[in-house]
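Asker: Before anything else, here's the structure in question.
There are 2 protein chains.
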Amino acid sequence: MKIGELAKRTEVPTRMLRYYEEQGLITPTRQPNGYREYDEYLVDRVRKIRGLLDSGIPTRIIGSMLPCLNQPQEIVVADPDPELREMLVRERDRMTERIALLEHHCHAITRYIDAMDRSLTATTESAYRNDPRP
Amino acid sequence: MKIGELAKRTEVPTRMLRYYEEQGLITPTRQPNGYREYDEYLVDRVRKIRGLLDSGIPTRIIGSMLPCLNQPQEIVVADPDPELREMLVRERDRMTERIALLEHHCHAITRYIDAMDRSLTATTESAYRNDPRP
DNA sequence: CCGCAACGTTACAGTCATGTCAAGGTTCAC
DNA sequence: GTGAACCTTGACATGACTGTAACGTTGCGG
Numbered sequence: 322m323k324i325g326e327l328a329k330r331t332e333v334p335t336r337m338l339r340y341y342e343e344q345g346l347i348t349p350t351r352q353p354n355g356y357r358e359y360d361e362y363l364v365d366r367v368r369k370i371r372g373l374l375d376s377g378i379p380t381r382i383i384g385s386m387l388p389c390l391n392q393p394q395e396i397v398v399a400d401p402d403p404e405l406r407e408m409l410v411r412e413r414d415r416m417t418e419r420i421a422l423l424e425h426h427c428h429a430i431t432r433y434i435d436a437m438d439r440s441l442t443a444t445t446e447s448a449y450r451n452d453p454r455p
Numbered sequence: 322m323k324i325g326e327l328a329k330r331t332e333v334p335t336r337m338l339r340y341y342e343e344q345g346l347i348t349p350t351r352q353p354n355g356y357r358e359y360d361e362y363l364v365d366r367v368r369k370i371r372g373l374l375d376s377g378i379p380t381r382i383i384g385s386m387l388p389c390l391n392q393p394q395e396i397v398v399a400d401p402d403p404e405l406r407e408m409l410v411r412e413r414d415r416m417t418e419r420i421a422l423l424e425h426h427c428h429a430i431t432r433y434i435d436a437m438d439r440s441l442t443a444t445t446e447s448a449y450r451n452d453p454r455p
């Protein structure tokens, strides 16, 4: 498929797809006219790249991380590189830290929103019901 | 306190403290010699800024978000701005999405590390015990 | 066949949170 | 008074985007 279709299917702008290619994360083939040609399996790959980037992992690391996430059912590691393992442990630990932090702030913000809502329902009778929290 | 001490106590480089000031997130006073003078309460504020930035929230938003996180015990909102509320809801939702994503990848990576370890203990007898997972 | 919209290409500039470095002023201990 | 340790501003670099300009390709209607 061409870049536009991939962009639509992955919701990643074409600009970014070209950028990921520049960073060596995906390598589409080229049609005779110079257009990029993307294989089906790249849809999934691009989605993973986005997920990892959104998780705060830099492209440089994503490159060696991606193969680890191809887990059909049973993970079989042929040649476990101790350096890679160390990197993965380090990144995973950073991720769990980030999760804790995010949850903390998430709760704080939720509490604040609730306080806003309480102050509203206290003054004006039942307004702003566009996002009620159970 | 001067910038160096604040940097040490918050573990935020002086470069960043000056940057946060530039972005209007903190406003230290100045000593007669031009040195920045930081109040005690800024220690906590800087830590919150860092936490929010690490959570992927841009400085521009942090500015209006910070007061919401000053929650001694009981939150009282004087004048609940609907726009602010909307922004907070949006950001919080983005945060929960990010949390889910992070957890997903975190598990995937952990599974992969475990697979590496299994493959290792299978071949070489009990090596790489520097990070045992229960 | 022409025109033109829709899509593709490269290349260069700008942003945001950082890092790093240079050139210079201030403080303080020895 | 000299040097180390600290502070100041300013400039440039980087990683991950993001926008836009300038231009080639494709396909369709008149």
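One line per chain: the protein sequences are R and B, in this order.
322 is the number of the first residue of the first sequence in the numbering used here; add one for each residue after it.
322 is the number of the first residue of the second sequence in the numbering used here; add one for each residue after it.
No residue lacks a Cβ here, since even glycine has one placed at the ideal position from N, Cα and C.
In this text the structure is predicted, and so the values were computed from the model without any measurement.
Residue 365(R) versus chain B: which residues are under 9 angstroms apart at the beta carbon?
Answerer: One-based indexing of the first sequence puts residue 365(R) at position 44. Going along chain B, no residue has its Cβ under 9 angstroms from residue 365(R), so there is no contact; the nearest lies around 13 angstroms.
Asker: At the level of alpha carbons, what is the spacing between residue 334(B) and residue 347(B)?
Answerer: Counted from its first residue, the second sequence places residue 334(B) at position 13. Counted from its first residue, the second sequence places residue 347(B) at position 26. Residue 334(B) and residue 347(B): Cα-Cα distance of roughly 14 angstroms.
Asker: Using DSSP with H/G/I as helix, E/B as strand and the rest coil, what is residue 358(R)?
Answerer: One-based indexing of the first sequence puts residue 358(R) at position 37. Residue 358(R): strand per DSSP, three-state reduction.
Asker: Return the chain-ordered list of same chain residues with a C-beta closer than 6 angstroms to the C-beta of residue 359(B), the five sequence neighbours on each side being excluded.
Answerer: For this step, residue 359(B) is matched to residue 38 along the second sequence. Cβ within range, chain order: 322, 327, 349.
Asker: Going by Cα to Cα distance, which pick from 390(B), 368(B), 439(B) is closest to residue 409(B)?
Answerer: Stepping through the second sequence from its first residue, residue 409(B) is reached at position 88. Of the listed residues, the one whose Cα sits closest to residue 409(B) is 390(B).
Asker: Going along chain B, which residues have a C-beta under 9 angstroms from residue 336(R)?
Answerer: Working through the first sequence from its first residue, we reach residue 336(R) at position 15. What residue 336(R) touches in chain B: nothing, since even the nearest Cβ is about 20 angstroms away.
Asker: Considering Cα atoms alone, identify which of 435(R), 440(R), 383(R) is closest to residue 366(R).
Answerer: The residue you call residue 366(R) lines up with position 45 of the first sequence. Of 435(R), 440(R), 383(R), the residue nearest in Cα terms is 383(R).
Asker: From what residue to what residue does the alpha helix (DSSP H) around residue 383(B) run?
Answerer: The count along the second sequence starts at 1 and reaches residue 383(B) at position 62. Residues 380-386.
Asker: What three-state label does DSSP hand residue 348(B) in the structure shown?
Answerer: In the second sequence, the residue the question calls residue 348(B) occupies position 27. Coil, per DSSP.
Asker: Is residue 437(R) closer than 7 angstroms to residue 398(B) when the C-beta atoms are compared?
Answerer: Position 77 of the second sequence holds residue 398(B). Position 116 of the first sequence holds residue 437(R). Yes, the Cβ-Cβ distance between residue 398(B) and residue 437(R) is below 7 angstroms.
Asker: Which word fits residue 442(R), buried or exposed, when buried means at least 16 other C-beta atoms lie within 10 angstroms of its C-beta?
Answerer: Position 121 of the first sequence holds residue 442(R). When all chains shown are included, residue 442(R) counts as exposed.
Asker: Looking at the structure shown, is residue 402(B) part of a helix, part of a strand, or coil, going by DSSP?
Answerer: Indexing the second sequence from 1 puts residue 402(B) at position 81. Correct three-state label for residue 402(B): coil.
Asker: For residue 403(R), which residues of its own chain have a beta-carbon under 6 angstroms away from its beta-carbon, when the five flanking residues on both sides are left out?
Answerer: Position 82 of the first sequence holds residue 403(R). Taken in chain order, the list of residues that qualify is empty.
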